[in-house]
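At position 322 of the sequence shown the residue is numbered 366 (our numbering), and the sequence of numbers has no breaks.
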Amino acid sequence: MQLPPSEGSLRPTLSVVVPLFDEADVVYELHRRLKYAMDGLGLDWEVVYVNDGSRDTTLQQLETLRASAPEVALVNLSRNFGKEIATTAGLDHARGQAVIVMDGDLQDPPELIPKLVAAWHDGADMVYAQRCMRQGETWLKKVTASLFYRLMRLLGDVPLPSDVGDFRLMSRRVVDALVQLREQHRFMKGLFAWVGFPTVAVTYVREPRAAGKTKWNYWKLWNLAIEGITSFSVAPLKLATYLGLATAVFAALFAGQLVVRTLLFGNPVAGYPSLMAVVLFLGGVQLITLGIIGEYLGRVFNETKQRPLYLVERYAPSQAAGGIDPAAVRPNGILAKPFTA
């Protein structure tokens, strides 16, 4: 768990957290647009780039950026841990009074940040960017995304706003609440909603990727959906119970009609196809139920191991509003103490 900086430590007003994985084609353009938007606010700021085990030249480009831009902080994870954990690593190392989380592919436009900051100044603790249009995405992805949000609202324990990703601004007290949540299976959209606090929405048009290819294929999106449902709802377990109950009722009715038919028409030899159909049906119900239980049991198993969420190979702080002594960083990348002048 991250240790909070002391009250006397210097903080930039704003921190921007950007997890990156194989985004070498867009790093420089991302920082150019981000710097233009942030400098226009007239506030102290830093950007925390989290390199999530990139296999291309993303890390080298980030090191070049940091050498010439004092606002850049670099968190290089020891391997690829996934976007959800990379985002958590960025939040752990962000020092701003408010923290903005955004994707690195420029589908989240940095030019929207002034509107997020304005809503924060008006008193909101969390300002999320809500997509009113999704450009550059297939109809299948749009339909499946809409279905997922509807399913989460139906099954989830916390309300999940539709067409909202990770792009948002959070006040320091929201970030401090989030970094206390250290579960291994992380669904950040659900965690953002779970902590609560006064929240407002700012709408925007989601643009196509500026360069490169998406890392989210349908298999990864399917697994993320399962992660979200199982992290914030026990409805699948209840569904397994109801499925078993329905199967038992069906079996009782089937047995009853067999008795009636035998009494009225005798006891002919049952057909092989009908027998196989019943056996396969019952076997399928049992396997589905075991699979649902296994999903939850696997999550309990992973939590009991209490491994750290991530390991940091290298951390280079920004120089915005006072830097942090790199010697104060523990091997797991968590700040041991802030640096004060």
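Glycine residues also receive a C-beta, built at the ideal position from the N, C-alpha and C atoms. These figures come from a predicted structure and were not determined experimentally.
Query: Cutoff 8 Å; reference A284; Cβ partners in own chain excluding five residues on either side; Result: I332, T333, I336 and I337
Query: Beta-bridge pairing of M170 - partner residues as DSSP gives them; Result: M214 and T243
Query: Backbone CA spacing between R358 and G148 [nearest angstrom]; Result: 20 Å
Query: Cβ pair T101, D169 closer than 8 Å; Result: no
Query: Residue span of the alpha helix (DSSP H) that contains E107, given as start and end; Result: T102 to S112
Query: Option in S275, V303, L87 and S215 with minimal Cα separation from V143; Result: S215
Query: Backbone secondary structure at D284 - three-state DSSP; Result: The question names Asp, but residue 284 in the sequence shown is Ala. Residue state, collapsed to three classes: helix.
Query: Short Cβ contact (8 Å threshold) for V329 with V119; Result: no
Query: Spatial neighbours of V239 in its chain, beta-carbon cut-off 7 Å, leaving aside the 5 residues before and after; Result: V218, A221 and L222
Query: When F236, D201 and D83 are compared against P280, the one with the closest alpha-carbon; Result: D201
Query: For I144: DSSP bridge partner residues; Result: V60 and L213
Query: Whole-number beta carbon distance between L85 and P158, since they are thought to touch under 8 Å; Result: 6 Å
Query: Extent of the continuous beta strand (DSSP E) run through Y80; Result: Where Y80 is concerned, there is no enclosing beta strand (DSSP E), although the alpha helix (DSSP H) it sits in stretches over V71 to D83.
Query: Residue span of the alpha helix (DSSP H) that contains V92, given as start and end; Result: No alpha helix (DSSP H) contains V92, which is instead part of the beta strand (DSSP E) from W89 to N95.
Query: When K282, V249 and F231 are compared against R343, the one with the closest alpha-carbon; Result: F231
Query: Residue from E339, L225 and V187 whose Cα sits closest to the Cα of D207; Result: V187
Query: Enclosing beta strand (DSSP E) for V356 [first to last residue]; Result: V356 to A360
Query: Alpha carbon of V303 to alpha carbon of L341, nearest angstrom; Result: 40 Å
Query: Sequence-distant residues of the same chain with beta carbon closer than 6 Å to F211, five excluded per side; Result: M146, D152 and A173
Query: Counterpart residues of L225 in DSSP-defined beta bridges; Result: Partner(s): none; L225 has no beta bridge.
Query: Nearest-angstrom Cα separation, counted from K349 out to E67; Result: 32 Å
Query: Alpha helix (DSSP H) segment containing A117, residue limits; Result: Taken as a continuous stretch (DSSP letters only), A117 belongs to no alpha helix (DSSP H), being part of the beta strand (DSSP E) at V116 to L121.
Query: Where R230 falls: helix, strand or coil (DSSP); Result: coil
Query: Cα-Cα separation between L78 and Q363, rounded to whole angstroms; Result: 17 Å
Query: Other residues of its chain near A113: CB distance less than 8 Å, five sequence neighbours each side excluded; Result: H75 and K79
Query: Close-in-space but distant-in-sequence residues of the same chain around P370 (CB under 8 Å, 5 per side omitted); Result: Bear in mind that the predicted position of P370 carries a pLDDT of just 41, short of 50, making it unreliable; the figure below should be weighed with that in mind. The residues are Y359, A360 and P361.
Query: G209 versus L287, H165, L235 and L289, residue with shortest Cα-Cα distance; Result: L235
Query: N346 burial status per 10 Å Cβ neighbour count (16 or more: buried); Result: exposed
Query: For K127, the nearest candidate out of Y286, E155, T108 and S98 (CA to CA); Result: S98
Query: Member of D69, A163 and K233 whose CA lies at the smallest distance from the CA of A245; Result: A163
Query: Buried or exposed by the 16-neighbour rule on C-beta atoms within 10 Å, applied to S59; Result: buried
Query: P56 beta carbon less than 8 Å from that of G134; Result: no
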